[in-house]
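Visitor:
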Amino acid sequence: MRHPPIHPSLGSILHGGDYNPDQWLDRPDVLEADTRLMRLAGVNVATVGVFAWATLEPEEGVYRFDWLDETFDRLHRAGVRIVLATPTGAKPAWMSHKYPEIRRCGPDGRREPHGFRHNHCWTSPIYRARAREINSRLAERYGNHPALVLWHLSNEYGGYCHCPLCMEAFQGWLRRRYETLDALDKAWWTRFWSHTFTDWRQIDFIDPTIPAMVVDWKRFTTDQCVDFMLAEIEPLRRITPDIPLTHNMMGTYEPLDYWRLAPHLDRVSWDAYPSWHSEPEHRTAAHTAFHCDMYRAMKGGRPWILMESTPSRVNWQKVCRSKKPGMHRLASLQAVAHGSDAVMYFQWRAGRGGAEKYHGAVVDHNAHEHTRVFRDVAQVGADLKRLERVIGTSTAADVAVVYDWECRWAYEAAQGFRADPNDYPATVIGFYRALWKRGVSVDVINADQDFSRYRMVVAPMLYMLRPGLAERIDRFVEEGGVFVGSYLSGLVDENDLCFQGGFPGPLRQTLGVVAEEIDILYDHDRQSVSAQPDNPLGLEGSFAATRYCELIRPEGAQVVGSYDADFYAGTPALTVNRRGRGEAWYLGARLEERFQDEMLGRLAGRLGVRRAVDADLPEGVSAAVRTDGERSYLFLMNFTPHPQRVRTAPGTVLLGNAPTDGDLELLPWGAAVVEQAR
Amino acid sequence: MRHPPIHPSLGSILHGGDYNPDQWLDRPDVLEADTRLMRLAGVNVATVGVFAWATLEPEEGVYRFDWLDETFDRLHRAGVRIVLATPTGAKPAWMSHKYPEIRRCGPDGRREPHGFRHNHCWTSPIYRARAREINSRLAERYGNHPALVLWHLSNEYGGYCHCPLCMEAFQGWLRRRYETLDALDKAWWTRFWSHTFTDWRQIDFIDPTIPAMVVDWKRFTTDQCVDFMLAEIEPLRRITPDIPLTHNMMGTYEPLDYWRLAPHLDRVSWDAYPSWHSEPEHRTAAHTAFHCDMYRAMKGGRPWILMESTPSRVNWQKVCRSKKPGMHRLASLQAVAHGSDAVMYFQWRAGRGGAEKYHGAVVDHNAHEHTRVFRDVAQVGADLKRLERVIGTSTAADVAVVYDWECRWAYEAAQGFRADPNDYPATVIGFYRALWKRGVSVDVINADQDFSRYRMVVAPMLYMLRPGLAERIDRFVEEGGVFVGSYLSGLVDENDLCFQGGFPGPLRQTLGVVAEEIDILYDHDRQSVSAQPDNPLGLEGSFAATRYCELIRPEGAQVVGSYDADFYAGTPALTVNRRGRGEAWYLGARLEERFQDEMLGRLAGRLGVRRAVDADLPEGVSAAVRTDGERSYLFLMNFTPHPQRVRTAPGTVLLGNAPTDGDLELLPWGAAVVEQAR
Amino acid sequence: MRHPPIHPSLGSILHGGDYNPDQWLDRPDVLEADTRLMRLAGVNVATVGVFAWATLEPEEGVYRFDWLDETFDRLHRAGVRIVLATPTGAKPAWMSHKYPEIRRCGPDGRREPHGFRHNHCWTSPIYRARAREINSRLAERYGNHPALVLWHLSNEYGGYCHCPLCMEAFQGWLRRRYETLDALDKAWWTRFWSHTFTDWRQIDFIDPTIPAMVVDWKRFTTDQCVDFMLAEIEPLRRITPDIPLTHNMMGTYEPLDYWRLAPHLDRVSWDAYPSWHSEPEHRTAAHTAFHCDMYRAMKGGRPWILMESTPSRVNWQKVCRSKKPGMHRLASLQAVAHGSDAVMYFQWRAGRGGAEKYHGAVVDHNAHEHTRVFRDVAQVGADLKRLERVIGTSTAADVAVVYDWECRWAYEAAQGFRADPNDYPATVIGFYRALWKRGVSVDVINADQDFSRYRMVVAPMLYMLRPGLAERIDRFVEEGGVFVGSYLSGLVDENDLCFQGGFPGPLRQTLGVVAEEIDILYDHDRQSVSAQPDNPLGLEGSFAATRYCELIRPEGAQVVGSYDADFYAGTPALTVNRRGRGEAWYLGARLEERFQDEMLGRLAGRLGVRRAVDADLPEGVSAAVRTDGERSYLFLMNFTPHPQRVRTAPGTVLLGNAPTDGDLELLPWGAAVVEQAR
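Chains as they are written, first to last, in the working numbering: chain L, 1 to 678; chain Z, 679 to 1356; chain V, 1357 to 2034.
Structure (structure tokens):
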């Protein structure tokens, strides 16, 4: 099956990026040069209008579209298609001063000054009205322009607002969720510390000592963001029903559960800014691939859009290292390999001033094409042209890894384990990496998705079990699936209330264990776990354990590994429970990376799940595949500074060296794409 | 001499803890299970009502006591006595919203939102009136209930409030202290930086650049806390004159000088949450023992109450490690060994939600008794039953270590040495540890206490000398006492004004030295001090010095040790001054731990001060003794993971193995209690 | 040429310091002792009245001068001259409370409480009026007193105020600078993030995401400081036209561009508080010398005033280490060597209370002269008497090092390289140090100064090029000068807008290079640069590169060194461009210290620029010279704990040991001064 292109008129992988002619209106020579340079760079699309509100509407009700008209026409003449942004990512200064309510308030209720960006109140009726108005006018004016292929909603929605309007909206949201204060007080366990609310209006401060309130506040924030987004969307859908919509997201950005935005969008996009070269590149690559596989899964396999990336430096990192030669091409192909039908940049041309003037751009301050970065971009443009047959293909995965925003919110709101920020995502990505190393095709999903399409579901630290989840996991196992869970699973219900009677709560029966106690280790503590003889995976030897050591009591599960020392010597640490036609694994301890590699690798091997290539990959080499069911496109990527060889099935080499004796050689930071019969 | 029990009706060591049935009112099965489990755990007391205000008074003037009535009766039927808390530790939300004045203001004068806990204004007349009212009603309703044995005032008083009412109260407090602004301006040395106050109302901000103001602000805060506590106490004393009162304190919590609260209480309590296993356990043990010995001394030897502790994890530490098997019993016995007649927990049953749902509880989320933690607690319950003869006994110490809140406040308000937080307590505890290692019985006192009952007084970093203190120390020495002082002593008077003419100011004559200069070392600097030949303690060799090196000029004192290098090579670093029948030691440098062990050990040995056991203790083994003058109870505690042997005098072994050949063997993390004739 | 003395009546190097009799008015014995002790210490000057406003004007319009009258007379009788401070460094409490507008507002617009110091609003008309009034009265009363030799304006001007008055003043300042909002919007590149301003009143918050705004805000702050200072000066100049004026500055204090204050002052002063002994002392010495050479250059070589220093500890450092014996004398002579005609202290006598009671003072809390510190000070007093012939002499430098406040502001406002605070000053000082090690006489100047008087100008990281600067550098080179530039030069114009077409922008032609790209390294990254064979400086071997690696393309310049590895192996890293009669060097990478030493050392050697002494100096020994054109005064300073020898030309030894065989021996931390014929 092949997904349709992003817009019916598009036959190429999108290549382009944010383009801000509004910053150069007094420089017609620059605008003219842009089209020439775009042609040289193989650019076929430009995102315009992001942050252009002050230019489009310099004072209330006064609109200025002339420059945008010209931009549309100029780009159209040059064969460049347009992604048009709604300008709501930054509010004009006149609006902030005329209508203070559109500015956010901080956690302490203080109104923020104008400035920065991405900081308008999502609740403000005035901001919504102004947004609806400008969006309508843009849709009316450009909806029929042949260059227009996509709407780009605002920019990187994010943050929180604690203004009176938002707090009132939160009260209303809670009233709808809980109906009575008594129900809320029970769910939030407010008798603790005398936190009982007796009037909805008392809920005017997000108290970090009520963790369930914090979780609900984050749910509300996502809902309020969706609500604002829908208000932005309404005129667009109405006036331009045929133009698809997207929004550019930010990896696993903690404050917003993107799974709740995605259904309202035709495509999901994300802005990828890995810190290449800050660690061994293959670690960065696995981390990035994880996000790609999530965005692909978020729309059921439909190709996503790499909306922003940089061909060189990210200006806001602590150390703004350049991408080495080849790294930009490799990173761009990785996005395509994992499901993007686009490689786009922030931004096309570096601005002379402003906060991001040193952010890597296609055209930098040299202002010409004779730079390494420009040549790298043009190379990507040429490569993408050779990959047009990939458009619309996707990846079918037998394995899913669960990354769940609400699990993270609830776990991070809790005190009682270790004060490690980002431990949930790091853990999930650690499990993912073991699969990535083997070239296993993986969907990264949240806990609400249908598991029945997978053969293995890996869900570490599944801290919160929303209603029905345990049952769905159980059915998945009963019907033959392999489920892999870990320590710190099944602690709380959807209201952040601890399950009683033993963790992992409603998953006990499925996993066949109860986690009686958890020992939290200091950084200097080390434990270890040894595999049982004759265990079903053939694991051998002992593995170092850090941070978390749960003491498991089997209730039907088979013990696969046990602790070696301390007062829990001999206590189970790894179990498998056979149930129905499937099995459920439980890992009680944070074990070293080698363990995850062996365990998940062997499980995947035993199951024979789909992999991109049927061979062991050298360390640092990644493989991914896209397919339309008939033909498949194998991407081989070398995230090391050394040449590497991979044995592959025969096919047509679209990119890279032709194979020798069945071995494909990859240059340092090199990549190859091979079209193969399926 | 034997002190009376906490309440005449009590014949057991208290064993129990915070119990919050108000969180489980919709779960009668849970409430029923509680009494069954309490019996299994050997629990004989429960603290109820902490933070229950919102349940007791859900709206202003509407009271709901039914659940508490039932709790009293249910526990009474189960033979469990009740410690009843006043509920003022957390204010109800309705009160915060109706009366904003009860919420505190931060240092910048901003009113805090409702939320958190322990944050009501102590000055607010409204809060005091509401507290007085609820306390009266509790006293009237439960004062005659046979289960009631103790009042628990509020919970862990703490923090600061900078609201207008508090600032006005501070102005009034200052007016009473100084009478005139001129006196205040002199005491605060306000001519510096033009800080002169010319109207009391100008004193509306605690300026950290006026250190004397900071010290007075902390004095005022303690006084205001006492004043609020007395307002809480008034109806209780009036209505229930026979029920004793306590308040649960927090170690050496910096903001409150607990010595000023203690006289108003019948018993002192404290909440002990050491970070076991984060460092060698015997270090944690010495640190904890220090606090125990302070709380015992604070009420003249009367047994104190371990009001809170956890049988497993402390949920708010950075790493929430579990107590290893045996550690809970050992820690509990340590409290009794150092004077507690109670071992109590926060909390009995873990709540399903809220900030501390993962705080170690007797009944955790497994919700049954078949856990290691529950068994550990039940073991403690059984052990405590075997120690009933210990009740009311205490410890007589010949040695006192001085820990003085005002010294700490003044030292920490000063700039001029090193920006090390907690240096004062760490230093005092370092000296204490040397004595603890030898099993010396020690009282930890503040500088206002009577020294004449001791043979040795150790007072390191006695930075502030309040009026009369130097004279009392001098008399103590003249009359035969041994005084040990150190660097950074005698710098300021009670108004934080530096003494003129040479430090340690009024202690110069007693110590026979003047500290002419102090060299403050960087972390990378090392100095050393060598013992003089033929010194009175037989010290030998050289000791590393860090951080502080005072240059001493003897004025009558004998030099015992001198610096080895740098421009102060040969300058005295350790002296002793013989005066009257006693002697006064002065240590000019921060020396390595080995030095303190040798110096204080030899001094104690020479003086023949009381020790728990007349033997050298293996490293990590601690000994403490309680006595009624006729019989004594020797506690031996092994804070190591290895078995240890200690030679002891014969006696009746109440806990632990019987001795072999006069040697008592302690298991890893094990303890023994021996009753001996005195 | 010899500059006049600070005041015609002065024939000695000033020796004295801040003197605060207002803190001791109730202690006539102390005031009496002061004059005796001053005589013993060789003190000839006292700065009085700093922070005395609350004493001088205890309530509005009520003045109290009696104590100051007596101070003038008492000091005058003792032969001590007076530097009189205006008291505006700290506002009286009554004024803060009566006129809240004089208190500053923070970046969020909140009014600060009274307290601290140095925090009055420079814009407030009320504060200006009060300042003008008290200054007038001081000038009228003491202007003719024979003891008065100098006005000391306020104290250490600093900080920012964001109050409505200041924001309005900033708007006016911008209006004058840009005339139209359109010009401002262009200069600030406000189209980015929709930051366009459409009304001057919208500019009410300093948005850190508009870097050009941040730079202008700092320019404005300096201008507003100057404006306030001129308001302070006006009555002084009018009433006491013959009394010179100074202000005590703080090294390279980032918020104020001292070059814009200096023209309004007769002398510049600075307060030197190096952290002696925290690192090898010669590094601290080079750092301090750098500042000295800037203050000397700031008034065209006119001797400056060391207004504050400490003879022992600085109380506000993280570790307040004492100066070792000899260090105070050495540091004091270093100031004189680099152009000071004064050695003064904060403070004469330590106050008994207040924030700085432990700041090293001449008379400490011992309150007598029998201290090491007092003896050290008296030694300096005696030494300075022997150096009276040095007064008014200065240093002629052939080399200038450029340290430019606006470069720093713009660089630090930018994101895109590395988040290293203080990287600009550390870099400039690193280049300076290479020259200091060789005893080269250096002026530290800003980029506006006349280069034609120098033979070599070293201007690393010349990030901002204001109009005309590139032309002036080019002319300097054309006319025979040697210019040394580095990475990160010529990126932005005076409005913080990036130059287009290739960095270093308008300096490309002069330097003969274009910096095509910059690679920013992580801390763990290392590159290296090797010298080309037969390069003009005879450099050999390879040098480690860290942090910054620019990739240079020569456009006429000769390649002197190239990168060794990575994708830029062989790319030039060091070039020289011969142009006209001079040459322009460009260093593309941050190289190790050894490289700077070799490169600048060889350049200086080849040019034969003036050095203090014609010999290689041992590591840690510094040489500086002052001259009146006829006689010169060579200062040799040993910043090591070992004796050192230096070969010098013959002369009269004013301080130090007589030379042996032409070699002058310096004791550990020792110094010598030799008068030589020029």
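Using N, Cα and C, we set each Cβ at its ideal position, and we do this for glycine too.
#1: Excluding sequence positions up to five away, which residues of its chain have a Cβ less than 8 Å from the Cβ of K1454 (chain V)?
#2: Hey, does S452 (chain L) have any beta-carbon neighbour from chain Z nearer than 7 Å?
#3: If distances are taken between C-alpha atoms only, which option among Z:L688, Z:L753, Z:S687 comes closest to L715 (chain Z)?
#4: Under 7 Å between the Cβ atoms of L1312 (chain Z) and V1352 (chain Z)?
#5: Do V83 (chain L) and T47 (chain L) have their C-beta atoms within less than 7 Å of each other?
#6: Bridge partners of I1661 (chain V), per DSSP?
#7: How should K385 (chain L) be labelled, buried or exposed, when 16 other C-beta atoms within 10 angstroms of its C-beta is the threshold for buried?
#8: Among L:G351, L:V621, L:S309, L:R581, which residue has its Cα nearest to the Cα of L607 (chain L)?
#9: Listing by chain order, which chain V residues have their CB less than 7 Å from the CB of L1175 (chain Z)?
#10: Under 7 Å between the Cβ atoms of A1929 (chain V) and Y1919 (chain V)?
#11: Just to confirm my understanding: we take L943 (chain Z), look at its own chain, exclude 5 residues before and 5 after, and list those with CB closer than 7 Å. What are they?
#12: What number of angstroms, rounded off, separates the C-alpha of L1065 (chain Z) from the C-alpha of G1059 (chain Z)?
#13: Taking Cβ-Cβ distances shorter than 9 Å, what residues in chain L pair up with E1426 (chain V)?
#14: Could you please give me the residues that DSSP links to A1871 (chain V) through a beta bridge?
#15: Please compile the residues from chain L whose C-beta is within a distance smaller than 9 Å of the C-beta of S771 (chain Z).
#16: Just confirm the distance between the C-beta atoms of V314 (chain L) and H359 (chain L), as a whole number of angstroms; I'd bet it's less than 8 Å.
#17: Note down the Cα distance separating A78 (chain L) from A623 (chain L), rounded to an integer number of angstroms.
#18: Are the Cβ atoms of L306 (chain L) and A671 (chain L) separated by less than 7 Å?
#19: Going by beta-carbon coordinates alone, are C1854 (chain V) and R352 (chain L) separated by less than 7 Å?
#20: Against F1095 (chain Z), what residues of chain V qualify as contacts under a CB-to-CB distance less than 9 Å, listed in chain order?
#21: What residues in the stretch 561 to 580 of chain L have a beta carbon less than 7 Å from any beta carbon of chain Z?
#22: Figure out for me which residue from L:A677, L:R177, L:N422, L:L56 has the closest Cα to the Cα of A93 (chain L).
#23: Give me the Cα-Cα distance between G1462 (chain V) and C1519 (chain V), rounded to the nearest whole angstrom.
#24: Could you check whether the Cβ of Q1883 (chain V) sits closer than 7 Å to any Cβ belonging to chain L?
#25: Have a look at the DSSP bridge pairing and note the partners of N926 (chain Z).
#26: Beta strand (DSSP E) containing L2010 (chain V): first to last residue?
#27: For D1875 (chain V), go through chain L and note every residue whose CB falls closer than 8 Å to its CB, in chain order.
#28: Could you tell me which residues DSSP puts in a beta bridge with V1798 (chain V)?
Guide: Checking against the coordinates, here is how it stands:
#1: Taking the third sequence and counting its residues from 1, one reaches residue 1454 (chain V) at position 98. For K1454 (chain V), where only same-chain residues beyond five positions count, the Cβ hits under 8 Å are E1416.
#2: Here residue 452 (chain L) corresponds to residue number 452 of the first sequence, with the count starting at 1. For S452 (chain L), the nearest beta carbon of chain Z is not closer than 7 Å to its own beta carbon.
#3: Taking the second sequence and counting its residues from 1, the one referred to as residue 715 (chain Z) is at position 37. For L715 (chain Z), the closest alpha carbon among the candidates Z:L688, Z:L753, Z:S687 is that of Z:L753.
#4: Against the second sequence, residue 1312 (chain Z) aligns to sequence position 634. Against the second sequence, residue 1352 (chain Z) aligns to sequence position 674. Yes; because the gap between Cβ atoms is below 7 Å, this pair is in contact.
#5: Here residue 83 (chain L) refers to the residue found at position 83 of the first sequence. Here residue 47 (chain L) refers to the residue found at position 47 of the first sequence. V83 (chain L) is a Cβ neighbour of T47 (chain L), given a cutoff of 7 Å.
#6: Residue 1661 (chain V) sits at position 305 when you count from the first residue of the third sequence. BP columns for I1661 (chain V) point to V:S1625.
#7: As a first step, residue 385 (chain L) is located in the first sequence; it is residue number 385 there, counting from the start. Per the 10 Å Cβ criterion, exposed.
#8: Here residue 607 (chain L) corresponds to residue number 607 of the first sequence, with the count starting at 1. Per the Cα distances, L:R581.
#9: In the second sequence, counting from the first residue as 1, residue 1175 (chain Z) sits at position 497. The CB of L1175 (chain Z) comes closer than 7 Å to the CB of R1708, G1709 in chain V, given here in chain order.
#10: The sequence position of residue 1929 (chain V) within the third sequence is 573, counting from 1. The sequence position of residue 1919 (chain V) within the third sequence is 563, counting from 1. Contact: yes.
#11: Here the question's residue 943 (chain Z) lines up with position 265 in the second sequence. Same-chain partners within the cutoff: L923, T924, H925.
#12: Within the second sequence, numbered from 1, the residue matching residue 1065 (chain Z) stands at position 387. Within the second sequence, numbered from 1, the residue matching residue 1059 (chain Z) stands at position 381. Going from the Cα of L1065 (chain Z) to the Cα of G1059 (chain Z) covers about 10 Å.
#13: Here residue 1426 (chain V) is taken as the residue at index 70 of the third sequence, counted from 1. Simply none; closest approach about 51 Å.
#14: For the purposes of this step, residue 1871 (chain V) is taken as the residue at position 515 of the third sequence. Partner residues in the beta bridge of A1871 (chain V), as assigned by DSSP, are V:F1859, V:I1908.
#15: Here residue 771 (chain Z) refers to the residue found at position 93 when the second sequence is read from its first residue. Correcting the residue identity first, residue 771 (chain Z) is Ala in this sequence and not Ser. Per Cβ cutoff of 9 Å: T190, S194, H195, T196, F197, T198, D199, Q202, I203.
#16: The count along the first sequence starts at 1 and reaches residue 314 (chain L) at position 314. The count along the first sequence starts at 1 and reaches residue 359 (chain L) at position 359. Here V314 (chain L) really is in contact with H359 (chain L); their C-beta atoms are around 7 Å apart, less than 8 Å.
#17: To locate residue 78 (chain L), count along the first sequence from 1; it is residue 78. To locate residue 623 (chain L), count along the first sequence from 1; it is residue 623. Answer to the nearest angstrom: the Cα atoms are 36 Å apart.
#18: Taking the first residue of the first sequence as 1, we reach residue 306 (chain L) at position 306. Taking the first residue of the first sequence as 1, we reach residue 671 (chain L) at position 671. Contact annotation: L306 (chain L) and A671 (chain L) have beta-carbon atoms that are not nearer than 7 Å.
#19: Counting from one through the third sequence, the residue named residue 1854 (chain V) turns up at place 498. Counting from one through the first sequence, the residue named residue 352 (chain L) turns up at place 352. Less than 7 Å separates the beta-carbon of C1854 (chain V) from that of R352 (chain L).
#20: Walking along the second sequence from the start, residue 1095 (chain Z) turns up at place 417. Within chain V, the residues R1669, N1671, V1675, C1676, Y1714 have their CB atoms less than 9 Å from the CB of F1095 (chain Z), given in chain order.
#21: Taking 7 Å as the Cβ-Cβ cut-off against chain Z, the residues of the stretch 561 to 580 of chain L that qualify are F567.
#22: By one-based count along the first sequence, residue 93 (chain L) stands at place 93. Ranked by Cα distance from A93 (chain L), the options L:A677, L:R177, L:N422, L:L56 are led by L:L56.
#23: What you label residue 1462 (chain V) is simply residue 106 of the third sequence in a count that begins at 1. What you label residue 1519 (chain V) is simply residue 163 of the third sequence in a count that begins at 1. Rounded to the nearest whole angstrom, the C-alpha separation of G1462 (chain V) and C1519 (chain V) is 7 Å.
#24: What you label residue 1883 (chain V) is simply residue 527 of the third sequence in a count that begins at 1. Not closer than 7 Å to any Cβ of chain L, the Cβ of Q1883 (chain V) fails to qualify, so no.
#25: As a first step, residue 926 (chain Z) is located in the second sequence; it is residue number 248 there, counting from the start. Under DSSP, N926 (chain Z) takes part in a beta bridge, and its partners are Z:S947.
#26: Residue mapping note: residue 2010 (chain V) aligns to position 654 of the third sequence, counting from 1. For L2010 (chain V), the enclosing beta strand (DSSP E) covers residues 2008 to 2011.
#27: Here residue 1875 (chain V) refers to the residue found at position 519 when the third sequence is read from its first residue. Residues of chain L with a Cβ closer than 8 Å to the Cβ of D1875 (chain V) are, in chain order, R321, S322.
#28: The count along the third sequence starts at 1 and reaches residue 1798 (chain V) at position 442. Bridge partners of V1798 (chain V): V:V1755.
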